[in-house]
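Here's the structure, in structure tokens; my notes come after.
Numbering (our numbering), first residue to last: 1105 to 1402.
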């Protein structure tokens, strides 16, 4: 339909089928066929044709007013879309888990904004599973084992976990020297279903039995309890790396491999499979890779 409108507009503006055909580099007969097909679709004559003259009918004059605007709007829409594909701009909607978002991603965003001032960031920090299509999310950052899906997953970090506590807590309750000693300690679990259990991975994965437990729904909640001398927690290394360096927390049972999952997991940036990835998505993923470098390890 749109090609018929373009031919019609050109005939009106040049006043000649011949000149319109030269503009589109086609035969005059092709333009005539397109005009005839348009009139047939509309069920009305748009042009009065004679051997010497060509003029608009009353219906044709009114239709041209709309046809001109339609083609102009479409051309503007195509330019707008092309601009988005050629330069990083537009609204970038991100969804990420609270702990990783607040600790790792949010501190990186001000410098990203300075580098790409034409990208507007909209952030959602949540532990719930989001639907990228239904909720119009460009990138979701999630951790754990990923199910098969139609999404593209870019690994950002390996989820290295560490068992730790504050020096004050350990001074009060004693340092565990064996795994069985943990039964005498308050163990702070993460409420997320995939990270709630503790496994020893020294040989084959073995689920650990914990007697005294406290469960909290966020990684930041775990960290606050640790810093308040509330117990021992199994927590991602990225969440407490600064606290360990500053001595606010210390590692517990460093000779054992303990994880909330039976197999290693990672944190990923997820986005929809598309033939063309928008520049705003591509540059943000590249920026995260640049800033995070190699996946953070202990």
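Even for Gly, the Cβ is constructed at its ideal location relative to N, Cα and C.
Of the listed residues the options, nearest to residue i (C-alpha basis)
| i | options | result |
| --- | --- | --- |
| residue 1267 | 1274, 1389, 1339, 1299 | 1339 |
| residue 1178 | 1107, 1244, 1229 | 1107 |
| residue 1142 | 1158, 1129, 1167, 1393 | 1167 |
| residue 1216 | 1180, 1369, 1388, 1393 | 1388 |
| residue 1229 | 1210, 1366, 1196 | 1210 |
| residue 1280 | 1359, 1256, 1341 | 1359 |
| residue 1329 | 1239, 1347, 1369 | 1347 |
| residue 1368 | 1306, 1326, 1256 | 1306 |
Rounded C-alpha distance that separates residue i from residue j
| i | j | result |
| --- | --- | --- |
| residue 1315 | residue 1290 | 8 Å |
| residue 1294 | residue 1351 | 22 Å |
| residue 1361 | residue 1182 | 55 Å |
| residue 1364 | residue 1300 | 6 Å |
| residue 1277 | residue 1212 | 38 Å |
| residue 1204 | residue 1343 | 7 Å |
| residue 1219 | residue 1385 | 14 Å |
| residue 1165 | residue 1127 | 21 Å |
| residue 1303 | residue 1336 | 15 Å |
| residue 1400 | residue 1309 | No answer about residue 1400 holds up, because its pLDDT of 41 lies below 50 and its placement is not dependable. |
| residue 1265 | residue 1372 | 16 Å |
| residue 1174 | residue 1112 | 12 Å |
| residue 1356 | residue 1192 | 45 Å |
| residue 1226 | residue 1109 | 39 Å |
| residue 1245 | residue 1221 | 22 Å |
| residue 1176 | residue 1194 | 22 Å |
| residue 1402 | residue 1198 | In this prediction, residue 1402 has a pLDDT of 38, which is less than 50 and means its spatial position is unreliable; what the coordinates show is noted afterwards. If I take the Cα positions, the gap works out to 27 Å. |
| residue 1390 | residue 1397 | 10 Å |
| residue 1334 | residue 1272 | 10 Å |
| residue 1170 | residue 1163 | 11 Å |
| residue 1144 | residue 1239 | 42 Å |
| residue 1349 | residue 1341 | 11 Å |
Pair within 8 Å by beta-carbon distance, residue i and residue j
| i | j | result |
| --- | --- | --- |
| residue 1247 | residue 1207 | no |
| residue 1375 | residue 1223 | no |
| residue 1489 | residue 1331 | Limits of the chain in this structure are 1105 at one end and 1402 at the other, which puts residue 1489 out of reach. |
| residue 1115 | residue 1135 | yes |
| residue 1233 | residue 1241 | no |
| residue 1236 | residue 1354 | no |
Residue i CB to nearest heavy atom of the ligand ADP below 7 Å
| i | result |
| --- | --- |
| residue 1141 | As presented, the structure is devoid of all ligands, the ligand ADP included, so that no description of it is given. |
Q. Where are the alpha helix (DSSP H) runs, 4 residues long or more, that stay fully inside the segment 1188–1234, in chain order?
A. 1213–1219
Q.
Would you call the segment 1253–1264 in contact with the segment 1281–1292, where contact means no fewer than 3 C-beta pairs closer than 8 Å?
A. no
Q: Could you tell me whether the segment 1377–1394 touches the segment 1321–1328, using the rule of 3 or more Cβ pairs below 8 Å?
A: no
Q: Note down, one range per segment and in chain order, each beta strand (DSSP E) of at least 3 residues found wholly within the segment 1108–1178.
A: 1151–1153, 1158–1160
Q: Answer yes if the segment 1148–1168 comes into contact with the segment 1112–1129, meaning at least three C-beta pairs across the two stretches below 8 Å, and no otherwise.
A: yes
Q. Unbroken alpha helix (DSSP H) runs of length 4 or more, entirely within the segment 1332–1377: which are they?
A. 1341–1350
Q.
If we require 3 or more residues per run, which beta strand (DSSP E) segments fall completely within the segment 1265–1327?
A. 1265–1269, 1290–1294, 1316–1320
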